[in-house]
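Participant: Line order of the protein sequences matches chains P and X. For reference, each letter of the first sequence is one residue, going 1 to 358 in UniProt numbering. For reference, each letter of the second sequence is one residue, going 1 to 358 in UniProt numbering.
There are 2 protein chains.
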Amino acid sequence: MITVQVDLQERSYPIYIGSSLLDQGHLLVKHIVGSEVMVVTNETVAPLYLEALLKGLKDYRCAQVILPDGEQYKTLEVLGRIFDGLLKAHFSRHCTVIALGGGVIGDMAGFAAACYQRGVAYIQVPTTLLAQVDSSVGGKTAVNHPRGKNMIGAFYQPRCVLADTDTLNTLDERQLRAGVAEVIKYGLIRDAAFFVWLEEHIDELLARNPLALAQAIERSCHNKAEVVAADERESGIRAILNLGHTFGHAIETGLGYGTWLHGEAVAVGMAMAANLSRRLGWLSTPEVKRVLNLLEQAGLPRHAPREIDKARFMELMAVDKKVIDGHLRLVLLKQLGQATVTGDFRPELLEATIEDCR
Amino acid sequence: MITVQVDLQERSYPIYIGSSLLDQGHLLVKHIVGSEVMVVTNETVAPLYLEALLKGLKDYRCAQVILPDGEQYKTLEVLGRIFDGLLKAHFSRHCTVIALGGGVIGDMAGFAAACYQRGVAYIQVPTTLLAQVDSSVGGKTAVNHPRGKNMIGAFYQPRCVLADTDTLNTLDERQLRAGVAEVIKYGLIRDAAFFVWLEEHIDELLARNPLALAQAIERSCHNKAEVVAADERESGIRAILNLGHTFGHAIETGLGYGTWLHGEAVAVGMAMAANLSRRLGWLSTPEVKRVLNLLEQAGLPRHAPREIDKARFMELMAVDKKVIDGHLRLVLLKQLGQATVTGDFRPELLEATIEDCR
Chain P
1 MITVQVDLQE RSYPIYIGSS LLDQGHLLVK HIVGSEVMVV TNETVAPLYL EALLKGLKDY
61 RCAQVILPDG EQYKTLEVLG RIFDGLLKAH FSRHCTVIAL GGGVIGDMAG FAAACYQRGV
121 AYIQVPTTLL AQVDSSVGGK TAVNHPRGKN MIGAFYQPRC VLADTDTLNT LDERQLRAGV
181 AEVIKYGLIR DAAFFVWLEE HIDELLARNP LALAQAIERS CHNKAEVVAA DERESGIRAI
241 LNLGHTFGHA IETGLGYGTW LHGEAVAVGM AMAANLSRRL GWLSTPEVKR VLNLLEQAGL
301 PRHAPREIDK ARFMELMAVD KKVIDGHLRL VLLKQLGQAT VTGDFRPELL EATIEDCR
Chain X
1 MITVQVDLQE RSYPIYIGSS LLDQGHLLVK HIVGSEVMVV TNETVAPLYL EALLKGLKDY
61 RCAQVILPDG EQYKTLEVLG RIFDGLLKAH FSRHCTVIAL GGGVIGDMAG FAAACYQRGV
121 AYIQVPTTLL AQVDSSVGGK TAVNHPRGKN MIGAFYQPRC VLADTDTLNT LDERQLRAGV
181 AEVIKYGLIR DAAFFVWLEE HIDELLARNP LALAQAIERS CHNKAEVVAA DERESGIRAI
241 LNLGHTFGHA IETGLGYGTW LHGEAVAVGM AMAANLSRRL GWLSTPEVKR VLNLLEQAGL
301 PRHAPREIDK ARFMELMAVD KKVIDGHLRL VLLKQLGQAT VTGDFRPELL EATIEDCR
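#1: Check I202/P in the structure and name its three-state DSSP category.
#2: Can you tell me whether D309/X is buried or exposed, with buried defined as 16 or more other CB within 10 angstroms of its CB?
#3: Classify R61/P as helix, strand or coil using the three-state DSSP reduction.
#4: By the three-class DSSP mapping on this structure, what secondary structure does Q132/X have?
#5: Using a Cβ-Cβ cut-off of less than 9 Å, give me the residues of the UniProt domain "3-dehydroquinate synthase C-terminal" (179-323) of chain X that come near chain P, in sequence order.
#6: Since A154/P meets chain X, which of its residues come closer than 8 Å, beta carbon to beta carbon?
#7: Is L53/X close to chain C? Criterion is C-beta to C-beta, closer than 7 Å.
#8: Less than 8 Å between the CB atoms is what I'm expecting for V268/P and R302/P, so what's the real figure, rounded?
#9: Which term fits S284/P, buried or exposed, when burial requires 16 or more other beta carbons within 10 angstroms of its beta carbon?
#10: Between H26/P and the rest of its own chain, which residues show a CB-CB distance below 8 Å, the 5 nearest in sequence each way excluded?
#11: Taking the C-alpha atoms as reference points, what is the distance between A178/X and I82/P?
#12: If the criterion is Cβ atoms closer than 7 Å, does the pair L79/P and M38/P meet it?
#13: Got a sec? Which residues, its chain only, sit under 7 Å from V331/X by beta carbon, not counting five neighbours each side?
#14: Answer yes or no: does any C-beta atom of chain X fall closer than 7 Å to that of F345/P?
#15: May I ask you to report which of helix, strand or coil DSSP gives V161/P?
#16: Please report how far the alpha carbon of E10/P lies from the alpha carbon of Q132/P, in whole angstroms.
#17: Leaving out five residues before and five after D166/P in sequence, what residues of the same chain have Cβ atoms less than 7 Å from its Cβ?
#18: Look up N209/P in the DSSP assignment and say whether it is helix, strand or coil.
#19: Check the C-beta distance from L87/P over to M151/X and give it rounded, since I have them as a contact under 8 Å.
#20: Taking only the alpha-carbon atoms, compute the straight-line gap between T96/X and R219/X and give it to the nearest angstrom.
#21: Please compile the residues from chain P whose C-beta is within a distance smaller than 8 Å of the C-beta of L87/X.
#22: Using the Cα positions of A318/P and E287/P, report the straight-line distance between them to the nearest angstrom.
#23: For I123/X, does the three-state DSSP call read helix, strand or coil?
#24: Taking the alpha-carbon of G34/P as reference, which of Q5/P, H94/P and L53/P has the nearest alpha-carbon?
#25: State the start and end residues of the unbroken beta strand (DSSP E) segment that holds residue 380/X.
#26: Compare the C-alpha of Q157/P against each of V6/P, E351/P, E307/P and D23/P and name the closest.
#27: Check this for me: beta carbons of T3/X and L100/X, under 7 Å apart or not?
#28: Can you give me the start and stop residues for the alpha helix (DSSP H) that L255/P sits inside?
#29: If distances are taken between C-alpha atoms only, which option among Y73/P, T128/P and I202/P comes closest to G187/P?
#30: Specify, as a first and last residue, the run of the alpha helix (DSSP H) that P68/X falls within.
#31: Tell me whether A89/P, by its Cβ, gets closer than 6 Å to a heavy atom of the ligand ZN.
#32: Alpha carbon to alpha carbon, what distance is there between K334/X and A230/X?
#33: Any C-beta of chain X sitting closer than 7 Å to the C-beta of D325/P?
#34: For R147/X, which of L76/X, Q124/X and L292/X has the nearest alpha-carbon?
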């Protein structure tokens with residue numbers, strides 16, 4: 001087992017990464033507050049891993065909420081079901097919420113924990129690659145709004161993250177690839193050596209080679225932990241973790257949540273960010289090609305869906321948390337392995353990129 | 001104008017108390033973040049004060065959300081309308097929410113600000129006595145759940161509180177009295193001299209004598225600010241601010257939100273807390289009589305509604321944020337002017353109090 005520490009003073013916590021961790025109840029137990037535990041999971045994950053998780057929690061009064069599976073259910077309305085479950089079980093402020101599932105479950109369970117009785121403890125048990133390398137770490141929780149992704153939420157840190165790599169064995173191909181998109185992101189934004197490693201090991205990752213997966217998860221979590229420790233509430237550098245996300249959120253919102261997977265939309269977004277970075281003279285054409293090649297090898301899309309036209313794309317991008325006073329800012333690449341947040345580009349270049357990448 | 005400071009390090013803020021403050025736009029302006037301002041108010045308050053407020057905000061891009069008036073609308077569903085309004089106006093993370101209204105508006109607008117894009121600035125402009133002396137100060141925000149009051153919310157501090165005492169001139173009698181209940185609370189929990197002052201000045205308060213009102217608001221805010229500064233997130237002493245609230249919340253939830261005003265339910269709750277404190281040997285019969293007399297003079301109820309029977313009352317009280325591991329704790333009075341939080345009483349005594357006060 002590997003432990004990566006997220007260093008946030010009194011809110012610091014460990015990320016446990018390894019095989020067979022779900023069976024090791026003692027890992028969770030030391031992070032549980034109180035005697036009441038609410039497991040939030042979904043209809044896909046519950047039959048696979050709920051029993052194993054509950055086995056390690058026999059000394060607690062446990063309850064569960066099982067939500068439908070999919071980004072389209074990450075709404076304020078479905079969030080209400082978690083509160084219903086907590087209150088029906090008469091759980092107090094001294095309870096712990098455990099998120100067992102992918103990014104949607106983690107975001108919703110974390111946000112519910114942030115709000116229930118104005119804040120209770122929670123633990124992330126991510127079961128998808130995307131959640132293990134990205135969404136379960138760093139305390140961003142949220143639900144979507146029909147007009148924008150993750151528009152309603154909280155910064156709220158978990159007590160620990162337990163990433164059992166065995167759970168990736170049941171992940172379907174498409175979900176695995178979506179997770180690889182966020183792994184590639186870390187290489188692009190701040191870890192050029194990792195990008196090269198990924199070019200060399202992408203086939204092993206897709207073949208679910210346990211060693212390659214563990215290495216990729218650890219390296220991703222290290223990168224994320226460092227950025228989050230430097231800027232917990234995204235007043236600056238943390239925004240680079242959103243490479244490809246403004247483009248990607250536009251696709252997710254525009255097509256309707258759940259049509260594309262988040263990681264797929266982010267993959268296209270990264271291709272678009274690379275395209276615009278080339279137009280600004282920061283990336284060379286061969287470098288952009290390397291980005292596109294890696295995405296292609298990972299079986300990820302590189303083109304935005306044609307049903308969202310350019311004007312609509314621009315409109316959707318205008319609803320983004322990085323907008324300041326009506327001015328859009330984007331995460332772009334100064335070079336492979338170095339991201340920057342900038343609003344300093346001519347709109348025509350952005351429009352050309354959108355046209356180019358559809 | 002009087003200024004009371006709430007001392008919370010980097011989250012410190014002033015409470016401005018005085019006459020004609022709504023017309024003094026400069027007071028608000030220095031606390032507004034960004035160029036976008038969303039005013040959240042209700043159908044009762046909007047026709048009275050929205051125009052005056054907006055007059056001072058001419059340099060900003062302003063939008064407004066006008067909610068229906070009443071505790072029964074303090075729900076997750078109605079909260080969604082604030083998010084709809086913010087997104088429809090394309091407001092960014094650098095916007096400011098202003099709550100213009102009573103406790104319900106303040107709680108909802110504050111919670112919306114806590115969650116919108118994971119947190120934007122907000123300002124409280126309380127227009128009821130209850131909001132000016134209590135709910136607008138201290139950063140507790142929330143909505144209700146059918147099973148329990150204020151069960152979904154956040155600790156989230158405003159940038160300032162602007163209490164224009166002129167707004168109390170349009171407050172109806174019943175609302176004024178409900179506010180007086182929370183004023184009396186401060187005397188009971190930690191300010192015996194203020195309790196005596198209230199016994200002497202209660203008629204002036206009810207007659208809306210401006211000087212008496214200003215003094216009562218200032219003294220209340222001072223008390224609240226000190227307690228909040230000592231324990232922002234209610235890990236200890238802050239719970240004394242909930243004197244009468246566990247009983248009161250049971251009445252509000254049991255009758256259906258909006259049937260009784262919050263302050264009315266709290267008044268009965270304080271009578272019940274005094275009754276139970278007497279049974280524990282802490283208050284004398286004459287002291288309890290003084291509490292009941294003051295509530296009576298203020299025109300407040302002292303008896304719980306008979307339609308909630310004892311068993312149901314106990315059940316409703318079990319859903320309370322002060323419950324730890326299934327064990328109910330209550331704020332009781334060691335003496336007039338000194339509250340304590342305790343779970344150390346025999347259930348029969350609590351049952352006798354409920355029976356006695358119906």
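Cβ atoms here follow ideal geometry from the backbone N, Cα and C, with glycine treated the same way. Just so we're clear, the structure is a prediction, and the values are computed from it rather than from any experiment.
Facilitator: On the basis of the supplied data:
#1: helix
#2: exposed
#3: Three-state result, R61/P: strand.
#4: helix
#5: R233, E234, A318, V319, D320, K321, K322 and V323
#6: Residues of chain X passing the Cβ test: A114, C115, R118, G119 and A154.
#7: Absence of chain C from the displayed structure is noted, the protein chains being P and X.
#8: 6 Å
#9: So S284/P ends up on the exposed side.
#10: Taken in chain order, the residues that qualify are G56.
#11: 33 Å
#12: no
#13: A239, I240, N242, L243, A273, A339 and V341
#14: No, its Cβ sits nowhere closer than 7 Å to a Cβ of chain X.
#15: strand
#16: Distance between the alpha carbons of E10/P and Q132/P is about 23 Å.
#17: S19 and S20
#18: Coil, per DSSP.
#19: 6 Å
#20: Cα to Cα, T96/X sits roughly 28 Å from R219/X.
#21: H145, R147, G148, M151 and V319
#22: Linking A318/P to E287/P through their CA atoms gives a straight-line distance of about 28 Å.
#23: Of the three classes helix, strand and coil, the one that applies to I123/X here is strand, per DSSP.
#24: H94/P
#25: An answer regarding residue 380/X cannot be provided, because it is not within the stretch 1 to 358 covered by chain X.
#26: V6/P
#27: no
#28: H245 to L255
#29: Nearest option by C-alpha distance: I202/P.
#30: Where P68/X is concerned, there is no enclosing alpha helix (DSSP H), because DSSP gives it neither an H nor an E.
#31: Absence of the ligand ZN from the depicted structure is noted, as is the absence of any ligand whatsoever, leaving it without description.
#32: Going from the Cα of A230/X to the Cα of K334/X covers about 20 Å.
#33: yes
#34: L76/X
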